[in-house]
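Written out below as structure tokens is the structure these notes cover.
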Amino acid sequence: MITAYPIRPYTATMMALAQMVANGELDAEYIVADSEHSQLSIAHGASSSGARVFTGSSGVGVQFAYELYSPISGSRMPVQMMIADRTLDPPGDFGSEHTDALSTRDMGWLMGWSCDAQEAFDNHLIAYRIGEDPRVLLPQMVCQDGFFVSHITTDCELPDPGQVKEFLPPYKHPYPLDPRRPVSHGPQIMPEQGPPLQLERARAMEGAVPVIEEVHDAFARIFGRRYDPWLEEFMTDGADVVFFMQGGHAVTARYAIRHMRSRGAKVGLVRLRTIRPYPADRVMESLSRFKAVGVVETNMGLGSVSSGGSLYAEVCAALYESPARPLVVSFMAGMGGEAIVLKEFYWMTGKLLDCTKNTSCIFFFVSFVASWQEMGTICGTAAESRLSKRFKPAIAVSEVRMPAVEIERQMLPMLGSPNQGARFYNPDLPQTEPFVPGHRTCAGCGPSIQYRMTSKASGDNTILVGPTGCMYVANSSYLCTPYNVPWAHTQIGSAGSFTAGVAAAYEAMIRKGKWKGPFPNIICEAGDGSASDIGLASISGALYRDHDCLIICYDNEQYANTGIQASSRTPYGGMTTFSPPGPMIPEAKKLFPKDLARMMAAGHPHCYVATASVGYPIDLMNKVRKGLNHKGAAFLMVYTPCQKGFVYETPRSIDLGRLVVECGLYPIWEWSPERREFDYSFRPQTMRPVSEYLKLQGRFGHLHAEHIATLQKFANEQWRMMQVALPEPLLKAADPKALADMASAEAAAVVAHTV
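Structure follows, in structure tokens:
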């Protein structure tokens, strides 16, 4: 599976891959993500499901996805990422610089730089086999200099597919998200459980060393090209000084060194090919032979040791135990994407030779600035060259087509009920419990009630995805799990993208015959903070691309896990720790909640969208089944009260789930993607004023009559939207003169101070 997001200069590779998929030359799922963060999360979800994945980025895109690097390597998913490196803002130029990828170098990814196109291609094949080896199981960053390597046309030998199959076995992760063998990925753990797991990841990185050497030997045997996995030495025999560097500028360095050696300068090159795991012993053995080492690094270590970059610090550390330590000098060159031209290598060689006489450790910031006359000539030539070119004709679409495969689906029957509010499980439900007791949710927890109903409705052929939030922390602690089906944690901002990766992976595996059986029910359970705030884009992306999954927002109207903070779903007047009442803001929360479900229906009309409440179990479970039966993406928003944040008597969770609907604050409806219209046929048996709902919760105990009237007006507007005639008592309840302050309600006054 390939997942892409546009940012220069890595995009050129993704454009070529997109054309190959379109031509039928490459059988792969190709997903255009909504951000680099989602891009990595999609890859994470697909890899967790058993699919081989490829992604990439450049510059600030690498940084935007930073949150995902440690979870991917920590879950031991061999995701492959191409980096065509680029400078970081500010000042915002687009040139090649290694700082973007190097900022992630300690996240548990295998990492190395290629110096030309052939090596870049070969390194991707090599990295796949290393990272997917059961002794390693680590993700890989295969880096190249942006533009200098990614955009320079050169000859490249592409291997025969038979050779690739011989070299690269099929990807098979030992613990995929498989409904036949339930596992939980990424549970919340206690601090004392962290070090052993981190140690396992460190051992995997150390254990990769012999695997790396084995794989390079196998590559040479099959393809006939041999690379030293750690260091490339060029004209180092008899050298007094050497350049130590990585990446594409080494190509220019070779020309400069050959020219200088012909004139008697004893200079050579040692190129670092793999930076993680770092070959400390090889570096010490190689560099100890010389008088001085000039570390040429295209990254800045602002304020670091000797003001050098990261390569300088690691070279010094590697040489620390050497009995013959050479002088080490840092040259920060090629910054901002400048070319390191021949005369700069000549100048640096002179400085290195001088340093061997002065024996002083110094650093240099190297920059070549052409004269205005030279720049005019360069720009004029480039412009003239561009104008003289014409676009190449589009590649003719190949006759090869990916086979059409009808995905077998398990259609779930609808449940019958004597009335919408039946408080018993329908006899047609399965006897098994995908969500079992033993978790640490609070007594009366609305989200956990909803989890049980949802998983009961979907059955055993289900994969659950849980973004960070209450139901992640409370359900998966101590390396335990309440799930009898596969479950995976993902970051709070990547609910939709990780889920999309799981769905896309299963579609691809079914098409390729690697998964036998019906398409699993793929459900994401995201809190309102994830669904309506930080993860809104990733969920919108999954719905827009129409991945076959159901995304549920369990709406407890706050960030409950982190201390009861306001979200965009917190109702007007709701007291939270981020929206407390006070003399200047007596109503507490001033804004009305984001109409999330309606946004999803309006923006993604091809999707099934609905609202539900834990107060109406059969309606909720039927909507879960409708969403799963819908071929494509579906979104369900469910009211799930939180005893801790709402402050109510524990047994009243279901009562609140009914009252919020009966008072009109939480309309229940469905969006039909076939008819492209809303269905408001759901009707509660009773219509009540909002005060009946508010007075049971301490979070509303501070409200004055005018605030209650404001909420009643809002509820009345919801009834009108549903084309319900308003009875006279509800019209009168919108008049503040007919209401008393909520603090006078005994039930609210007692508990209001406990929020």
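The sequence shown begins at 5 in our numbering and counts up one residue at a time. Ideal Cβ positions, reconstructed from N, Cα and C, are used throughout, including at glycine.
Query raised in the report: Rounded to the nearest angstrom, how far is the Cβ of Ser450 from that of Ser657, given a contact under 8 Å?
Result: One detail in the question is off: residue 450 reads as Gly in this sequence, not Ser. Gly450 to Ser657, Cβ: 5 Å. Contact.
Query - Option nearest His708 by Cα separation, candidates Met603, Gln689, Ala744 - result: Ala744
Query raised in the report: Out of curiosity, what's the CA-to-CA distance linking Ala98 and Val694?
Result: Going by the sequence as given, residue 98 is Phe instead of Ala. Straight-line Cα distance between these residues: approximately 56 Å.
Query raised in the report: Just to confirm, are Val297 and Val246 a CB contact at a threshold of 9 Å?
Result: yes
Query raised in the report: Within this structure, are the beta carbons of Asp559 and Met457 separated by less than 9 Å?
Result: no
Query raised in the report: Sorted by chain position, which residues of the same chain lie with C-beta nearer than 6 Å to Arg329's C-beta, five sequence neighbours on each side aside?
Result: Leu323
Report task. Have a look at Pro621, Met111, Lys594, Val651 and flag the residue whose alpha-carbon is nearest the alpha-carbon of Ala564. Result -> Val651
Query raised in the report: Whose CA, out of Thr494, Gly631, Gly661, Gly705, lies closest to the CA of Gly78?
Result: Thr494
Requested in this report: Would you list the one or two residues that DSSP bridges to Gln148?
Outcome: Ala88, Ser118
Report task. Compute the beta-carbon to beta-carbon distance between Met418 and Arg629, rounded to the nearest angstrom, for a pair I have assumed lies under 8 Å. Result -> 6 Å
Query raised in the report: My guess is that Ala243 and Val300 are in contact by the Cβ rule of under 8 Å, so how many angstroms apart are they, rounded?
Result: At roughly 15 Å, the Cβ-Cβ gap does not stay under 8 Å, so Ala243 and Val300 are not in contact.
Query - Ile453, enclosing alpha helix (DSSP H) - first and last residue - result: 450 to 462
**Report entry** Coarse secondary structure for Ala592, derived from DSSP in three states
**Finding:** coil
Query raised in the report: If Phe7 and Ala37 are in contact, beta carbons under 8 Å, what's the gap, nearest whole angstrom?
Result: With the sequence shown as reference, residue 7 is identified as Thr, and Phe is not the correct amino acid for it. With 8 Å as the limit, Thr7 and Ala37 qualify as a contact, their Cβ atoms being about 5 Å apart.
Query raised in the report: Alpha carbon to alpha carbon, how far is Arg139 from Tyr175?
Result: 13 Å
Report task. For Ala386, count neighbouring Cβ atoms within 10 angstroms of its own Cβ and tell me buried if that reaches 16, exposed if not. Result -> Below a pLDDT of 50, predicted positions are generally treated as unreliable, and Ala386, at 30, falls in that range; the measurement from the model is reported next regardless. Ala386 should be labelled exposed.
**Report entry** Cβ-heavy atom distance, Arg629 to the ligand GDP, below 8 Å
**Finding:** The model depicted lacks the ligand GDP and carries no ligand whatsoever.
Query raised in the report: Which class does Trp113 belong to by DSSP, given the choice of helix, strand or coil?
Result: coil
Report task. Look at the Cβ atom of Ser501, then the Cβ atom of Leu632, and state whether they are nearer than 9 Å. Result -> no
Query raised in the report: Rounded C-beta distance between Tyr697 and Ser617? I'm assuming under 8 Å.
Result: Between Ser617 and Tyr697 the Cβ distance is about 12 Å, and since that is not below 8 Å, they are no contact.
Requested in this report: Taking the CB atoms as reference points, tell me whether His89 and Cys147 lie closer together than 9 Å.
Outcome: Inspection of the sequence shows that residue 89 is occupied by Asp rather than by His. Yes, they are a contact pair.
Report task. For the beta strand (DSSP E) holding Ala492, just list the boundary residues, first then last. Result -> 491 to 494
**Report entry** Helix, strand or coil at Asn525 according to DSSP, with G and I counted as helix
**Finding:** strand
Query raised in the report: Looking at the structure shown, is Arg207 part of a helix, part of a strand, or coil, going by DSSP?
Result: helix
Query raised in the report: At what residues does the beta strand (DSSP E) containing Asp432 begin and finish?
Result: No beta strand (DSSP E) holds Asp432; DSSP gives it neither H nor E.
Query - Within the region 301 to 359, ranges of the alpha helix (DSSP H) (whole runs, at least 4 residues) - result: 314 to 322
Query - Straight-line Cα distance separating Val64 from Met725 - result: 44 Å
**Report entry** Buried versus exposed, by CB contacts within 10 Å (16 or more), Asn720
**Finding:** buried
Report task. Indicate whether His177 and Ser51 have their beta-carbon atoms separated by less than 9 Å. Result -> yes
Query raised in the report: At what residue ranges does the region 478 to 517 contain a whole run of the alpha helix (DSSP H), taking only runs of 4 or more?
Result: 499 to 515
Query raised in the report: Going by DSSP, what residues sit across from Gly619 in a beta bridge?
Result: DSSP lists no partner for Gly619.
**Report entry** Met81 versus Ser39 - alpha carbon distance
**Finding:** 20 Å
Report task. Using only alpha-carbon positions, find the residue among Ser326, Val309, Val83, Ala512 that is nearest to Glu289. Result -> Ser326
**Report entry** Counted within 10 angstroms of its Cβ, other Cβ atoms place Tyr510 as buried (16 or more) or exposed
**Finding:** buried
Query raised in the report: Looking at C-alpha atoms only, which residue of Asp149, Asn362, Met604, Gly533 is the closest neighbour of Ser572?
Result: Gly533
Query raised in the report: With DSSP run on the structure shown, which of helix, strand or coil describes Pro183?
Result: coil
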